[in-house]
Amino acid sequence: MKRRFKINCNAVLFLLRSRTAGETRPWRKPMASVTAASAGASFTPEQEKILSKVLWRIVPFLLLCYIVAYLDRVNVGIASLTMNGDLGLSPSAFGWSAGLFFFGYFLAEVPSNLVLQAIGARKWIARILITWGLISAATAFVVGPVSFGVMRFLLGLGEAGFTPGVFLYFTYWFPARVRGRATAAFLLGIPIANIVGAPISSSLLALDGLGGLHGWQWLLILEGLPATLLGFVCFCTLTDKPEQAKWLSEEERRWLVEVLASERAAVAAEHSSRLRDAFINWRVLVCAAVNFCAIIGSVGLGLWMPQIIKGLGFGVVAVGFVAAIPYVCGAIAMMLWARLSDKGGERSRFVASALLLGAVSLVACSYATSSALTSVVALCGAVIGIMCYQSTFWPIPSSFLTGSAAAGGLAMIVSIGNLGGFVGPYLIGVIKQSTDSFSWALISVAAFLTLAAILIRVVGVSLQRQAGPADGRTGPVATLSKGI
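Residues 22 to 505 in my numbering are what the sequence shown lists, from first letter to last.
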């Protein structure tokens, strides 16, 4: 047991290790119930059509919801260009208050996912959308640092469960081999929200004075209410499980249900599906630490990027358009990276490489403050790395979690990780206020991304050693022993 928990002092070498192409290992335990598709073989063209049909039916709507969710989460970054002065927010106070969103998110994440599993995605995701839309719009009427912090905390409570709920929902619909593709398509909401949202948000600031409201107040109102409308659409259109999908033929439903059931049986045969076991599984805890470190970079950079760009000499409206450029690059890269990960083998190498790209780019940005062009290019590299991490990380924990363990484990990884969304903005704000520069703040964030890269390789190598799948993939046939 001690050997299983031991982390070699040379763990950084994991980042450089890769399995020789074509190397195979025998399965540790035969799994006759696992279909060829779920065991790593390609799906037939007819089966791919079914999966494509499911993807196009489910993912676009959830992508739209995530665009709105992420926009409501980070639009305070643009609002801060004028809001901070109106509310008397210092850099550290803004970072602290904005980050309180993730503390509320942390508290409600696991209970929210368990409720979703109990009553179904349609009802619960609809509730989440309606709640966070109303709270986001109400944030426009805060009057100072305290009320702003309270509303950010409430927004976190309201939105909690949406992202891990969708990840859990995907396990009901997509075999593990294509789940990375669906996850990447869903997570396109992050770059799209920044691509579309940054220019729109900065333009809405020009409404300052209309109706006696500040521009940032109009921004929060007009970008908050769409979530409430989407909540009612969700309640009327989302399908909980394949068995209920009237838009699939009987034959299509039967095939999809059988494939997913065989995958769940394969994982359940080697893993405990009990909720409490997810909370003591060391791989779940390490994945949570990875997500924590990565989100320090993701949210910290996302919330402060408008002010970083403004510091390069751009005007308020121009900031929104320049801030969109890194996310255009990130959107393209994350889809390509997810496809490579689905086809290319063991996922943790892809995750670690993306995190290291983000870290190196942030360090480069910290040294390029005198050149606007070089700084923007470095920011593009940082966002590409973070986006590629997002699209390839989540299939890893879902490969060894099932049942209630999946509901609780995925939620715990998201909730602990999202505490990084509290730490990141506050850390950057404190360092910026202390040094009057973003340089050391960016270097600090890069250190967290590097740590995340090392930790995910620890998980990836342990999965390879214990399971030894034929194609080196951490997937449903890369099974582990029960418990920890």
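Ideal Cβ positions, reconstructed from N, Cα and C, are used throughout, including at glycine. Because the structure is a prediction, the values reported are computed rather than measured.
Legend entry - Residue from Gly351, Gln328 and Cys350 with nearest C-alpha to Gly341: Gln328
Inset, instruction - Let me know if Ile407 comes out buried or exposed under the rule of 16 or more other beta-carbons within 10 Å of its beta-carbon. - result: buried
Legend entry - C-alpha distance - Leu484 paired with Trp237, whole-angstrom precision: 48 Å
Inset, instruction - Could you tell me if Trp268 is buried or exposed, where buried requires 16 or more neighbouring beta carbons within 10 angstroms of its beta carbon? - result: exposed
Inset, instruction - Please go through the same chain and pick out, in chain order, the residues whose beta-carbon is closer than 6 Å to the beta-carbon of Glu273, but skip the five residues on each side of it. - result: Ile71
Inset, instruction - For Lys453, collect the residues of the same chain with a Cβ closer than 7 Å to its Cβ; drop the 5 residues on either side in sequence, then sort them by chain order. - result: Pro112, Phe459 and Ala462
Legend entry - The alpha helix (DSSP H) enclosing Phe253, as first and last residue numbers: Gly236 to Thr258
Inset, instruction - Determine the DSSP secondary structure at Thr390, reduced to helix, strand or coil. - result: coil
Legend entry - Boundaries of the alpha helix (DSSP H) in which Trp77 is found, first to last residue: Pro66 to Val95
Legend entry - Cα-Cα separation between Arg486 and Thr204, rounded to whole angstroms: 26 Å
Inset, instruction - Determine the closest residue to Pro446 out of Met433, Val466, Ile221 and Val482, with distance taken between C-alpha atoms. - result: Val466
Inset, instruction - Tell whether a beta-carbon distance below 8 Å holds between Leu178 and Gly429. - result: no
Inset, instruction - Could you have a look at Ser118 and say whether DSSP puts it in helix, strand or coil? - result: helix
Legend entry - Where the alpha helix (DSSP H) through Thr160 begins and ends: Where Thr160 is concerned, there is no enclosing alpha helix (DSSP H), given that its DSSP letter is neither H nor E.
Inset, instruction - Output the distance between the C-alpha atoms of Ala310 and Ala432, rounded to the nearest integer angstrom. - result: 13 Å
Inset, instruction - Kindly indicate the opening and closing residues of the alpha helix (DSSP H) around Gly182. - result: No alpha helix (DSSP H) holds Gly182; DSSP gives it neither H nor E.
Inset, instruction - Within its chain, find whatever has a CB closer than 6 Å to the CB of Cys409; leave out the 5 residues flanking it on each side and keep chain order. - result: Ala354, Met355, Trp358 and Ala375
Legend entry - Boundaries of the alpha helix (DSSP H) in which Lys331 is found, first to last residue: Trp303 to Lys331
Legend entry - CB contact check: Ala181 to chain B, cutoff 8 Å: Among the chains in the structure shown there is no chain B, since it carries only a single protein chain.
Inset, instruction - Give, in chain order, every unbroken run of the beta strand (DSSP E) that is at least 3 residues long and sits entirely within the stretch 428–497. - result: none
Inset, instruction - Name the residue from Arg370, Trp325, Ser420 and Ser391 whose alpha carbon lies nearest to the alpha carbon of Val404. - result: Trp325
Inset, instruction - Could you work out which residue in Val444, Arg202, Ile156 and Val338 is closest to Glu69 when comparing CA atoms only? - result: Arg202
Legend entry - Bounding residues of the alpha helix (DSSP H) (the contiguous stretch that carries Pro416): Pro416 to Ser419
Legend entry - Closest by C-alpha distance to Leu85, when choosing among Ile211, Gly336 and Arg370: Ile211
Inset, instruction - Answer with buried or exposed for Lys27, where buried requires no fewer than 16 other C-beta atoms within 10 angstroms of its C-beta. - result: Low confidence applies to Lys27: its pLDDT is 41, below 50, so where it sits in the model is not reliable, and the reading given next is rough at best. With fewer than 16 Cβ atoms within 10 Å of its Cβ, Lys27 is classed as exposed.
Inset, instruction - Leaving out five residues on either side along the sequence, give the residues of the same chain with a beta carbon under 6 Å from the beta carbon of Ile156. - result: Leu175, Leu176 and Gly179
Legend entry - Same chain, Cβ closer than 8 Å to Phe371, five either side skipped, listed in chain order: Trp358, Leu361, Ser362, Gly365, Cys409 and Thr413
Inset, instruction - For the stretch 100–114 and the stretch 226–242, state whether three or more C-beta atom pairs, one from each stretch, are separated by less than 8 Å. - result: yes
Inset, instruction - Would you please state the rounded distance, in angstroms, between the beta carbons of Asp261 and Ala345? I believe it to be under 8 Å. - result: 35 Å between Cβ atoms; not a contact.
Legend entry - Sequence-distant residues of its chain with Cβ nearer than 8 Å to Val337 (five each side left out): Leu102, Thr103, Ser223, Leu226 and Lys331
Inset, instruction - Give a yes or no on whether the C-beta atoms belonging to Gly252 and Ile88 are separated by under 8 Å. - result: no
Legend entry - Own chain residues within Cβ distance below 8 Å of Arg148, not counting five before or after: Gly252
Inset, instruction - Return the CA-CA distance between Ser73 and Pro263, expressed in angstroms with no decimal places. - result: 14 Å
Legend entry - Distance, Ala286 Cα to Val33 Cα: Its pLDDT being 35, under 50, Val33 is placed unreliably in this model, and the value from its coordinates should be taken loosely. Cα to Cα, Val33 sits roughly 35 Å from Ala286.
Inset, instruction - Whole angstroms is fine: what's the gap from Val384's alpha carbon to Val254's? - result: 44 Å
Inset, instruction - Consult DSSP for Phe123 and reduce its assignment to one of helix, strand or coil. - result: helix
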